[in-house]
Amino acid sequence: MEVEASGVKAGHCQWTPTQSQYILTFLANIVANGTRTSTGFKRVHLNACAKALNEHFKLSRTADHITNHLKTWRSKYTKINQLRNVSAALWDEDNFIISLDHEHYTEYVADHKADDEYLNKPLTYYGDLATIFGNSVATGPYARGSNEPLGTAGDDIEEIHGKDTSAAVTTDDGAAASSATKPNKRTKIVQGSGAIKEAATADKDMPEGLFDTVNTLPSFEHEHKSFYFEYLVNNPHIARAFNRLPFDHKLTWVAKFVNDNFH
Numbered sequence: 682m683e684v685e686a687s688g689v690k691a692g693h694c695q696w697t698p699t700q701s702q703y704i705l706t707f708l709a710n711i712v713a714n715g716t717r718t719s720t721g722f723k724r725v726h727l728n729a730c731a732k733a734l735n736e737h738f739k740l741s742r743t744a745d746h747i748t749n750h751l752k753t754w755r756s757k758y759t760k761i762n763q764l765r766n767v768s769a770a771l772w773d774e775d776n777f778i779i780s781l782d783h784e785h786y787t788e789y790v791a792d793h794k795a796d797d798e799y800l801n802k803p804l805t806y807y808g809d810l811a812t813i814f815g816n817s818v819a820t821g822p823y824a825r826g827s828n829e830p831l832g833t834a835g836d837d838i839e840e841i842h843g844k845d846t847s848a849a850v851t852t853d854d855g856a857a858a859s860s861a862t863k864p865n866k867r868t869k870i871v872q873g874s875g876a877i878k879e880a881a882t883a884d885k886d887m888p889e890g891l892f893d894t895v896n897t898l899p900s901f902e903h904e905h906k907s908f909y910f911e912y913l914v915n916n917p918h919i920a921r922a923f924n925r926l927p928f929d930h931k932l933t934w935v936a937k938f939v940n941d942n943f944h
């Protein structure tokens with residue numbers, strides 16, 4: 682049954698890839714910042730996402746449109762993880778590619794034509810999906826069971842629709858889901874103009890390409906990645922351990938750092 686919000690039916694909408702990626706990145710940042718609950722996105726988060734989306738693309742979408750769209754992406758995330766376990770499939774965790782050789786690909790697609798969109802091509806959106814729906818970045822109060830997706834749209838129905846959905850989005854609502862600087866949030870982070878230089882001098886054994894590794898992580902803000910890189914440079918032994926981690930564990934470490942130091 683369609684849900685009405687602010688006089689607009691929240692049925693199925695046509696979304697462009699750019700609009701979808703905008704939504705995923707916006708919500709992934711909320712999860713990474715730790716400003717959502719373990720049961721999913723609060724109404725304020727979805728309102729803020731809809732408001733930002735509408736302003737950027739000149740649309741008139743609602744929080745309920747966002748919720749419905751998340752259900753589609755949750756299904757995609759589930760499908761991708763199922764396909765990662767297909768016999769003979771290889772998973773490239775750096776480029777998010779499920780690879781099948783020509784013989785296995787041909788045989789599989791012949792029986793599963795709908796799955797072709799996920800095979801032998803980069804799934805560039807997977808990093809955001811893992812952040813939103815997976816439990817790999819869940820720490821502390823955000824942790825859930827290993828078989829329970831984090832941030833599934835269905836978990837939020839009571840929380841989302843149990844409140845008045847006709848209220849206008851305020852500036853404060855948007856700020857709750859944004860990366861606005863909070864008072865004294867940097868006091869927990871070691872600072873100093875000479876810190877990076879001194880640490881690098883004290884221990885030369887830093888992983889090659891460490892900055893690029895941190896800087897290309899999806900869904901984290903520039904400020905967070907910058908301070909995490911400073912933290913690694915000041916702790917070379919942690920930097921080396923971090924550099925050897927699989928991709929999803931790297932996301933976990935950075936998300937925990939953001940949650941511990943920016944809230």
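Each residue of the sequence shown is one higher than the one before, counting from 682 in our numbering.
Heads up, the beta-carbon is just placed ideally off N, CA and C, and yes, glycines get one too.
Quick caveat: nothing in here was measured; it's all calculated off a predicted structure.
Does DSSP put residue i in a helix, a strand or coil?
| i | result |
| --- | --- |
| Ser780 | strand |
| Ala876 | With a pLDDT of only 43 at Ala876, under 50, the local geometry of the prediction cannot be trusted, and the value read off the model is given with reservation. Ala876 falls in the helix class under three-state DSSP. |
| Asp773 | strand |
| Gly721 | strand |
| Tyr806 | coil |
| His650 | No statement about residue 650 is possible, as the shown extent of the chain runs from 682 to 944 and does not include it. |
| Glu902 | coil |
| Asp893 | helix |
| Pro888 | coil |
| His793 | coil |
| Asn915 | helix |
| Phe923 | helix |
| Phe707 | helix |
| Ser701 | helix |
| Asn714 | coil |
| Phe943 | coil |
Bridge partners for residue i per DSSP, in chain order?
| i | result |
| --- | --- |
| Trp696 | Looking at the DSSP assignment, Trp696 forms no beta bridge with any residue, so it has no partner. |
| Leu800 | Ile779 |
Indicate whether residue i and residue j have their beta-carbon atoms separated by less than 8 Å.
| i | j | result |
| --- | --- | --- |
| Tyr789 | Asn801 | no |
| Ser900 | Ala713 | yes |
| Leu708 | Ile813 | yes |
| Leu705 | Asp809 | yes |
| Ala811 | Asp941 | no |
| Asn957 | Glu911 | This structure does not reach residue 957, given that the chain is present from 682 up to 944, and the question cannot be answered. |
| Phe943 | Trp934 | no |
| Leu804 | Phe777 | yes |
| Gly721 | Val939 | no |
| Leu727 | Thr748 | yes |
| Tyr799 | Ile779 | yes |
| Pro927 | Glu774 | yes |
Taking 7 Å as the cut-off, is the C-beta of residue i nearer than that to any heavy atom in the ligand ATP?
| i | result |
| --- | --- |
| Asn942 | Because no ligand of any kind appears in the structure shown, any question about the ligand ATP cannot be addressed here. |
Legend entry - Cβ pair count under 8 Å reaching 3, the stretch 736-747 against the stretch 763-770: no
Inset, instruction - State whether the stretch 754-762 contacts the stretch 724-737, with contact taken as three or more CB pairs (one from each stretch) at a distance under 8 Å. - result: no
Legend entry - Runs of beta strand (DSSP E) lying entirely within the stretch 725-776, each at least 3 residues, in chain order: Taking only runs of at least 3 residues, the beta strand (DSSP E) segments lying wholly in the stretch 725-776 are 771-773.
Legend entry - Inter-stretch contact at 8 Å, needing at least 3 Cβ pairs: the stretch 695-702 / the stretch 886-896: no
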